Amino acid sequence: MERRDFLRLASGSLASLVLGQTFPDAAHSAGLTNPIVYLPKNDLPRIAWTVDDGCSQESVRRYIELAIEKDIRLTFFVYSAMAPWRNNFDLLKPLVDSGQIQLANHTQHHRDLTQLSYSEVQKELMGCHYFIKKTYGVDARPYYRAPYGAINRSVMQAAADVGYTKPFSWSGSLADAGTIKPSRLLYHAGVSIEDGGILIGHANNLVAVNNFDKLMQMVDNKNLSLVTLKDVFG
Ligand SMILES: [Zn+2]
Numbered sequence: 744m745e746r747r748d749f750l751r752l753a754s755g756s757l758a759s760l761v762l763g764q765t766f767p768d769a770a771h772s773a774g775l776t777n778p779i780v781y782l783p784k785n786d787l788p789r790i791a792w793t794v795d796d797g798c799s800q801e802s803v804r805r806y807i808e809l810a811i812e813k814d815i816r817l818t819f820f821v822y823s824a825m826a827p828w829r830n831n832f833d834l835l836k837p838l839v840d841s842g843q844i845q846l847a848n849h850t851q852h853h854r855d856l857t858q859l860s861y862s863e864v865q866k867e868l869m870g871c872h873y874f875i876k877k878t879y880g881v882d883a884r885p886y887y888r889a890p891y892g893a894i895n896r897s898v899m900q901a902a903a904d905v906g907y908t909k910p911f912s913w914s915g916s917l918a919d920a921g922t923i924k925p926s927r928l929l930y931h932a933g934v935s936i937e938d939g940g941i942l943i944g945h946a947n948n949l950v951a952v953n954n955f956d957k958l959m960q961m962v963d964n965k966n967l968s969l970v971t972l973k974d975v976f977g
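This is the structure in structure tokens:
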């Protein structure tokens, strides 16, 4: 082994394997967990439908209207610099108050947190945190999702130090961060809507809301109830 390869390995998580020793894991000892991908097992089948970003005024509005009409529970990961989170306030506020829609933190400017310093990560999270607190009167902690799912131990440590201790990933995706053909969206939904899943969709375009009945049919066919993350994780 080249010396530089050894040093690279020795400085990383493979060090313990290479050296045949166990090193204390600083992040683990600080109580950090890896991003949560699935809901814990449960007797009643269920899925958490999460909706990210909110770049489209119309999409956010229709998601809220559909939540009311179909009486379903959703979690919104708020990208707080986006105007729809202000502009849909009147419609959204009562659902936030009742807990039917949970607001969680998706940062202020949707940057790749792994490229930022410790304090910049905290600034991104707290920018969104204060927006949600001031506007909707709720504390979004400890729930957050890193933009692009880009996360590492440094990001988790910075987040945990401001109370964001539950990073969320997803088990299945509607793949609709950008526009997608309805047939592709439904294909992704078909393989992603499952018991114990954390589904990710995006309020950035109208593809999901325009096909909502078909998506709900998949949820109903599997007898899944829709839960917010708070319903499950407290
Ligand atoms: Zn996002």
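The sequence shown begins at 744 in my numbering and counts up one residue at a time.
Cβ atoms here follow ideal geometry from the backbone N, Cα and C, with glycine treated the same way.
Fair warning: this is a prediction, and the values are worked out from it, not measured in the lab.
| Query | Result |
| --- | --- |
| Inter-residue Cα distance where the pair is residue 881 and residue 873 | 9 Å |
| Contact under 7 Å by Cβ, residue 895 with residue 850 | no |
| Per-residue burial, residue 919 [other beta carbons within 10 Å of its own, 16 or more giving buried] | buried |
| Where residue 719 sits in the DSSP three-state scheme | Residue 719 lies beyond the residue range present for the chain, which begins at 744 and ends at 977; the question has no answer from this structure. |
| Identity of the residue in 876, 915, 782, 864 nearest residue 893 by Cα | 864 |
| Per DSSP, cross-strand counterpart(s) of residue 944 | 794 |
| Residue 792 versus residue 861 - alpha carbon distance | 30 Å |
| With 16 other Cβ atoms within 10 Å as the buried cut-off, status of residue 767 | The predicted position of residue 767 is uncertain, since its pLDDT is 41 and thus under 50; a value taken from the coordinates is nonetheless stated next. Flag for residue 767 reads exposed. |
| Residue 951 burial status per 10 Å Cβ neighbour count (16 or more: buried) | buried |
| For residue 848, three-class secondary structure by DSSP | strand |
| Contact check, residue 825 vs residue 870, beta carbons under 7 Å | no |
| The segment 833-847 contacting the segment 912-930, beta-carbon criterion three pairs below 8 Å | no |
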